[in-house]
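First the structure, in the form of structure tokens, and then the observations on it.
2 protein chains.
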Amino acid sequence: MKRFEMLANTMADEIRSGSRPVGSRMPSLRHLTTQHGVSQSTVFRAYYLLEEWGLIRARERSGYYVAPGAALEHKPAPQPPAALESAKVEISDLVFSVLEAAKHPNVVPFGSAFPSPQLFPLQRLARSLGHSSRLISPWSTVVDLPPGNEPLRRQISLRYMGMGIAQPMEQLVVTNGALEALNLCLMAVTRPGDVVAIESPGFYAALQAIERLDLRAVEIPVDPVSGIDLQALSDALDKHPIRACWFMTNYQNPTGAAMSQEKKKALVELLAERDVPLIEDDVYGELHHAATYPLPAIAFDTKGLVMHCSSFSKTLAPGYRIGWVAAGRFAEKVQRLKLMTTLSASIPAQAAIADYLQHGGYDKHLRKLRGAFRNQLASMDTALRRYMPEDSHWTLPSGGYFLWLRLPSHVDAMQLHRLALENGISIAPGPIFSARHEFRNHIRLNFGHPWSDNTESAVQTLASLLEQASR
Amino acid sequence: MKRFEMLANTMADEIRSGSRPVGSRMPSLRHLTTQHGVSQSTVFRAYYLLEEWGLIRARERSGYYVAPGAALEHKPAPQPPAALESAKVEISDLVFSVLEAAKHPNVVPFGSAFPSPQLFPLQRLARSLGHSSRLISPWSTVVDLPPGNEPLRRQISLRYMGMGIAQPMEQLVVTNGALEALNLCLMAVTRPGDVVAIESPGFYAALQAIERLDLRAVEIPVDPVSGIDLQALSDALDKHPIRACWFMTNYQNPTGAAMSQEKKKALVELLAERDVPLIEDDVYGELHHAATYPLPAIAFDTKGLVMHCSSFSKTLAPGYRIGWVAAGRFAEKVQRLKLMTTLSASIPAQAAIADYLQHGGYDKHLRKLRGAFRNQLASMDTALRRYMPEDSHWTLPSGGYFLWLRLPSHVDAMQLHRLALENGISIAPGPIFSARHEFRNHIRLNFGHPWSDNTESAVQTLASLLEQASR
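Protein sequences appear in the order of chains Y and G. Straight run, no breaks: the first sequence in our numbering ends on number 471. Straight run, no breaks: the second sequence in our numbering ends on number 1471.
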């Protein structure tokens, strides 16, 4: 046993025996180094251990104290978070509670925004990371400032080329995930007070961004199968001074809707006529269940008005936080905003993904991943058919890992969210996908995790809670 | 030679011989796969090489074209960027031109914002990265969502403890560098139209953030040695509805000024009386040239009003983009803003730094780094004494790697910036550190790079340009 472990054990015994009562202040650094004749770093590490054991806790600017419940030998297992008290919450509060719930590994993650990380080649990526970080030039911290690591942008550019889209590297800006790309694009083309068209139901991050940047939202209805209602968009363009659109063209979040190529082309033309930029969120495009990548809207853009945002977070490396935008005529503005707000994406992470794209077998991995999602969707469809009541309906998306479930009209998704959480299941309730908290009898289900008996019975439990979750 | 290299060489010969003239379109993917009986990926890689050689270039959505100058055998060496045409530019334009200039490895980086990356233990860090990314749990992408990787926050908390500051881990939010921390803090405590107190001269990112968020700035004068003028701040607080202050308390950028402990305490008390939050930018604190870390202002905070922002970018790992904020009572708000804008910092980078802090010898590295800066400052001081005219003055900071040079009053720092760049030297001209483009005869010099004959003669060159750079 090392010295710091001995010290930690001595103090732990004092705490557990009650000779250091709950709430009492732990001795100072100076005191301990003198008393025990040990170095500061030994005391640090001992306190580190005690905190890890849950025996002590830091209080702001006054030192360490014996933690409540410290007399227990073992920490209690982490509990799922408490359910919300009231349905009257802000979008953001609800979104955060859903995200928080999805953090707990014991919760069935139907509400999660991510697929199972176990479907990703994390070990292979770690190799790329180790390899590329050993080779990295010290100067890359300067040279890889936005627009970003050149080999990575080249690889991304090659993937566009594979779709028949010649995308010059100069217009590609690497970002901290697609979320930053989307936010930067929105900042690049709007001023406070501007009107932005978003989808309804739609990705809550768009609502949050609009709120944060003091913009106004016009919600355009989304058909759960075919996507944005173009007529409604055209009417909205006539009626409101819309400065930008933020749409998901492939496997929309939350519905799973996909716009056809013809519809995407019509969308791009409609916006081009009026010189309105399109922020295209295409983070799920690579997750098509069928054979080919459905062309994104940017493929039809001739005016540099489409900003195509995507990332590797849903397809390869969630934690690396590497996304990008092909920002057309706004590339320089986006690049500057990136420089001003977060400077650059993590450089080893960029280099690792570039290395993986070149040597790691990304396309093979994607084929496997798509197959998994396709199968998991089939399993979930079967389970829903088995357990859900007659008057419920769900989408069967052709890509991605979300489906959109319309429950019988008397069901309140917010209530269901609370009840489900009490039963160890997270779901994403419809109202978080709408500025006016609509879709009260809808939920988004994540089928991006390997199917199991546990998931199967979670669907059954969900169905059994519907009556209780009535309005 | 691999197949793609052969293909690339064949096409390169065609280009160099002129049989594919400059501006002509390169054959399509389909054409080449058929013609040469190779796979798509072979064509990709061949085009990759050709683009790298500077022989072809992508054009938006229409394919690859033979690049101008492609008939040359070798690419010309990268040129330093062209000097600016006119002094009448926006702060941002000028800042970007300075940053852009610092990108070129051939330029003497007196204008750089970073110390030499060669002073950092990048290989040791790469080991930490490889090691920790192999051990990383797939679920960390979910669990390490803000506030951030727990071992990393624990290490940061221990470092606060070493200064006698008990900083609960719950109030620490990990960010993409300090720049993001500062921006999130500013967003957390202001609304558009609010007044924010900043330093003059001060860090240009503060000016940019204020502009971007539609805030109004009140500039508080900074004494180049002792920092913020507290009387001026007090007067400004009486006169303006100041909602937040953004100050650098240790080795201020650009002057190198350091506030004394008494002054920091007085600052915290002055702001506490009026309930005004302090965004404390302390990215240079660890770079004290003397023996101990000068306590930051947060050490004197009893109301949770100080948000202490720092990072590892100036001290250990510039490219990793890992910073943090100890955000006091604003911690939850900051954490949410982080979630909404960039979700999370790169998770392997967080884990690597946590590993390095535990096992890598950070304190030893810091002692070495501080010694290097101390010596480099002495060398620069000697050179300045040798070459600069009598009526120029500079600070000798007690930490960091910037000094602030006041040139004879007839010198125009903007002109000098242009002339210096033509001579392969970057400097940071005074006007970029002020909303009203003041400090026209001041420049910031970076002494964070190993001293050499080259640097020595760059100081001499700078001095020789002063007359030419007159107003």
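Note that beta-carbon positions come from the ideal geometry of N, C-alpha and C, so glycine has one too.
- Leaving aside the five residues that flank G:A1290 on each side, the residues in its chain whose CB is nearer than 8 Å to its CB run, in chain order, S1398 and G1399.
- The three-state secondary structure of Y:R124, taken from DSSP, is helix.
- The beta carbon of Y:S19 does not come within 8 Å of any beta carbon belonging to chain G, so the residue lies off that interface.
- In the structure shown, Y:H131 falls within a helical segment according to DSSP collapsed to helix, strand and coil.
- Taking the CA atoms as reference points, Y:L50 sits about 17 Å from G:Y1160.
- The C-beta of Y:D144 comes closer than 8 Å to at least one C-beta of chain G.
- For G:F1203, the secondary structure class from DSSP, reduced to helix, strand or coil, is coil.
- When DSSP states are grouped into helix, strand and coil, Y:N446 belongs to the strand group.
- Between G:L1184 and G:A1205, the C-beta spacing is not below 8 Å.
- Annotation note: the stretch 1406-1432 of chain G contains the following uninterrupted alpha helix (DSSP H) runs of length 4 or greater, listed N- to C-terminal: 1413-1422.
- When the alpha-carbon of Y:R440 is set against those of Y:S426, Y:N9, Y:P389 and Y:A469, the nearest one is in Y:A469.
- Around the beta carbon of G:R1321, 16 or more other beta carbons lie within 10 angstroms, which makes this residue buried.
- The residue among Y:G111, Y:Q123 and Y:E269 with its C-alpha nearest the C-alpha of Y:F300 is Y:E269.
- Taking one beta carbon from each stretch, the stretch 421-435 of chain Y and the stretch 278-290 of chain Y have fewer than 3 pairs nearer than 8 Å; the two do not touch.
- Proximity of G:Q1118 to chain Y, defined by a Cβ-Cβ separation below 8 Å, is satisfied.
- Inter-segment contact for the stretch 375-389 of chain Y and the stretch 1215-1222 of chain G is absent: fewer than three beta-carbon pairs are separated by less than 8 Å.
- For Y:P151, there is no enclosing beta strand (DSSP E); the enclosing alpha helix (DSSP H) has its first and last residue at E150 to G162.
- For Y:P117, the secondary structure class from DSSP, reduced to helix, strand or coil, is helix.
- Interface with chain Y (8 Å Cβ-Cβ cutoff): G:E1180 is included.
- Inclusion of G:G1256 and G:W1404 in the CB contact set at 8 Å is warranted, their separation being smaller than that value.
- If you check the CB distance, Y:N446 and Y:Y387 do not come in under 8 Å.
- The C-beta distance from Y:P254 to Y:R444 rounds to 4 Å, short enough to fall under 8 Å.
- For G:Q1415, no chain Y residue has a Cβ inside 7 Å of its Cβ, as the nearest lies near 25 Å away.
- In the three-state reduction of the DSSP assignment, G:D1301 falls in the coil class, being assigned neither a helical nor a strand state.
- CA-CA distance, G:R1436 to G:V1225, rounds to 22 Å.
- In this structure G:H1359 is exposed. Its beta-carbon is surrounded by fewer than 16 other beta-carbon atoms within 10 angstroms.
- Straight across, the Cα-Cα distance linking G:R1057 with Y:L466 is about 58 Å.
- Residue-level contact check: Y:Y64 touches chain G, since one or more beta carbons of chain G fall below 8 Å from its beta carbon.
- Of the residues G:T1034, G:R1471, G:A1188 and G:R1374, the one whose Cα lies closest to the Cα of G:P1408 is G:R1471.
- Counting C-beta pairs with one atom in each stretch, the stretch 1136-1147 of chain G and the stretch 1341-1359 of chain G have three or more that are closer than 8 Å, which means they touch.
- Under the three-state reduction of DSSP output, G:G1063 falls in the strand class.
- Between Y:V43 and the set Y:H308, Y:G23 and Y:Y64, the nearest pair of CA atoms involves Y:Y64.
- Judged by beta-carbon spacing, Y:Q252 lies beyond the 8 Å limit of Y:L295, meaning their Cβ atoms are not closer than that value.
- With contact defined as three or more Cβ pairs closer than 8 Å, the stretch 1320-1336 of chain G and the stretch 1173-1181 of chain G are in contact.
- Not one beta carbon of chain G lies nearer than 8 Å to the beta carbon of Y:L316.
- In the assembly as shown, G:L1135 is an exposed residue. Its beta-carbon has fewer than 16 other beta-carbons within 10 Å.
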